[in-house]
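A.B. asks: In my numbering, the protein residues as written are 705 to 904.
Think of the CB as a built atom: it goes at the ideal place given N, C-alpha and C, for glycine as much as any other residue.
Submitted below is the structure of interest, expressed as structure tokens.
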């Protein structure tokens, strides 16, 4: 029995149509990822967690500092009783799905364990900070709070520990690579933003 050319032609056209739909779906997915990559990388900016206020029984100084890119960065300063600049300080950079208020207990734990002042801050578009988060604006926010700590609290750069959790590890590492700080501490961090994208 000879093959039916009409049926073969229909089958070929059907597979071409399926291939075209799959290619279009792939192109659309790539477009969504490229256009919305900042929203994927910074979920707290899009799906905001509630602002829960200061941790109980904590001496918190809330302030805002202007970053080099013009954004106003919200931050908390939590010193232990009797703190002096000689006691040093720790800057804490939180993960991408949080804000400083949801990290209040963590900041208090760092303060109490190290008996040093702790500074927590939000990225642009997070918490009470203005602007839009991206890699460079987050780096600028970390630099702004570092400068504030040195300028306003008179802490020597060599007495500052920089700590980062998850995405905050990138901010902490970038800051520590440029500043003469005492120590860098990261938790659940990653090697680079591209590496994280490729792992998803």
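Quick one: measure Cβ to Cβ for residue 755 and residue 805, integer angstroms, because I've assumed they're closer than 8 angstroms.
C.D. replies: Here residue 755 is taken as the residue at index 51 of the chain shown, counted from 1. Here residue 805 is taken as the residue at index 101 of the chain shown, counted from 1. The Cβ separation is near 5 angstroms, so the contact holds.
A.B. asks: With a threshold of 8 angstroms between beta-carbons, can residue 846 be considered close to chain D, or not?
C.D. replies: No chain D appears in the structure shown, which is made up of a single protein chain.
A.B. asks: Cutting at 8 angstroms between CB atoms, please list the residues of its own chain near residue 788, excluding the five before and the five after it.
C.D. replies: Looking up residue 788 in the chain shown gives position 84. There are no such residues.
A.B. asks: Per DSSP, what kind of secondary structure is residue 859 in: helix, strand or coil?
C.D. replies: Position 155 of the chain shown, counting from 1, holds the residue named residue 859. In this structure, residue 859 counts as coil in the three-state DSSP scheme.
A.B. asks: At what residues does the beta strand (DSSP E) containing residue 778 begin and finish?
C.D. replies: Reading the chain shown from its first residue, position 74 is the one you call residue 778. Here the beta strand (DSSP E) through residue 778 covers 776 to 782.
A.B. asks: Roughly how many whole angstroms lie between the Cα atoms of residue 817 and residue 803?
C.D. replies: Numbered from its first residue, the chain shown carries residue 817 at position 113. Numbered from its first residue, the chain shown carries residue 803 at position 99. Approximately 21 angstroms, taken between the alpha carbons.
A.B. asks: Since residue 813 is in the alpha helix (DSSP H), which residue starts that stretch and which ends it?
C.D. replies: Numbered from its first residue, the chain shown carries residue 813 at position 109. 808 to 818 is the extent of the alpha helix (DSSP H) around residue 813.
A.B. asks: Taking the DSSP output, what are the residues bridged to residue 797?
C.D. replies: As a first step, residue 797 must be located in the chain shown, where it is residue number 93. Paired residue(s): 825 and 868.
A.B. asks: Where does residue 775 land, buried or exposed, given buried means 16+ other C-beta within 10 angstroms?
C.D. replies: By 1-based counting over the chain shown, the position of residue 775 is 71. Buried, because 16 or more other Cβ atoms sit within 10 Å of the Cβ of residue 775.
A.B. asks: When you compare the region 864 to 880 with the region 831 to 848, are there three or more beta-carbon pairs, one atom per stretch, that lie closer than 8 angstroms?
C.D. replies: With the cut-off at 8 angstroms, the region 864 to 880 and the region 831 to 848 touch.
A.B. asks: Can you look up residue 844 in the DSSP assignment and give me helix, strand or coil?
C.D. replies: Position 140 of the chain shown, counted from the start, is the residue given in the question as residue 844. Residue state, collapsed to three classes: helix.
A.B. asks: Sorted by chain position, which residues of the same chain lie with C-beta nearer than 7 angstroms to residue 757's C-beta, five sequence neighbours on each side aside?
C.D. replies: If you number the chain shown from 1, residue 757 lands on position 53. Counting only Cβ-Cβ distances below 7 angstroms, and skipping sequence neighbours, we find 805.
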